[in-house]
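Chains as they are written, first to last, in the working numbering: chain A, 5 to 85; chain B, 5 to 85.
The structure appears below as structure tokens.
The structure is reproduced here in structure tokens:
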């Protein structure tokens, strides 16, 4: 997947989304590796998603949300998106 | 972007999401081309998104939602996701 420039994420939405994923994960006591494995997402990719460095796809949003017990819309709403 | 197989979208979530985009677009009286242009998404890609044939990225979800006057979370919620 293409790397994300600041220009293409000018509102910092990917950083907000990644921050919500990280906050929910830590609230549940999961390591980043455990969440990646539970969601079926590559571990290195998960780190980049949490830092807002990748334009995460819908299916990965859905997998991550399910792994933390949320609907995809809840995850976005939590991020203020 | 990789094509989506039925197996990778086993719950049909991309079809639900695309259906909500199409329903909102038609409720607003937009053509598919007008929505694609407003969102800054390639016209052919927009058709595939509406049919659930592409794993749409977060930034495109955000652009499409903004073009129809919704937050990204509202679009997903409307799709039951």
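For every residue, glycine included, the Cβ atom is placed at its ideal position computed from N, Cα and C.
{"query": "Mind pulling the chain A residues with CB within less than 9 Å of residue 77/B?", "result": "76, 77, 78, 79, 80, 81, 82, 83, 84, 85"}
{"query": "Indicate whether at least one CB of chain B lies closer than 9 Å to the CB of residue 68/A.", "result": "no"}
{"query": "With 16 as the cutoff for other CB atoms within 10 Å, does residue 63/A come out buried or exposed?", "result": "buried"}
{"query": "Where residue 54/B and residue 58/A are concerned, what is the direct C-alpha to C-alpha distance, given to the nearest angstrom?", "result": "23 Å"}
{"query": "Is it the case that the segment 28 to 47 of chain B contacts the segment 65 to 75 of chain B, given that we only count it when at least three CB pairs across the two stretches are under 8 Å?", "result": "yes"}
{"query": "Output the distance between the C-alpha atoms of residue 22/B and residue 61/B, rounded to the nearest integer angstrom.", "result": "12 Å"}
{"query": "If the cut is a Cβ gap below 7 Å, which residues of chain A does residue 65/B touch?", "result": "62"}
{"query": "Could you have a look at residue 26/A and say whether DSSP puts it in helix, strand or coil?", "result": "helix"}
{"query": "Applying the criterion that 16 or more other CB atoms from any shown protein chain within 10 Å of the CB defines a buried residue, is residue 80/A buried or exposed?", "result": "buried"}
{"query": "Could you list which residues in chain A have their beta carbon closer than 9 Å to that of residue 12/B, in chain order?", "result": "63"}
{"query": "Which of the three DSSP states, helix, strand or coil, is assigned to residue 5/A?", "result": "Only weak support exists for where residue 5/A lies, its pLDDT of 47 falling under 50; the coordinates are left without a value."}
{"query": "Output needed for residue 15/B: all residues of its chain with C-beta closer than 8 Å, excluding positions within five of it in sequence on either side, in chain order.", "result": "none"}
{"query": "Alpha carbons only, please: which of 29/A, 77/A, 66/A is nearest the one belonging to residue 51/A?", "result": "29/A"}
{"query": "Mind checking if residue 17/A is an interface residue toward chain B, Cβ cutoff 9 Å exclusive?", "result": "yes"}
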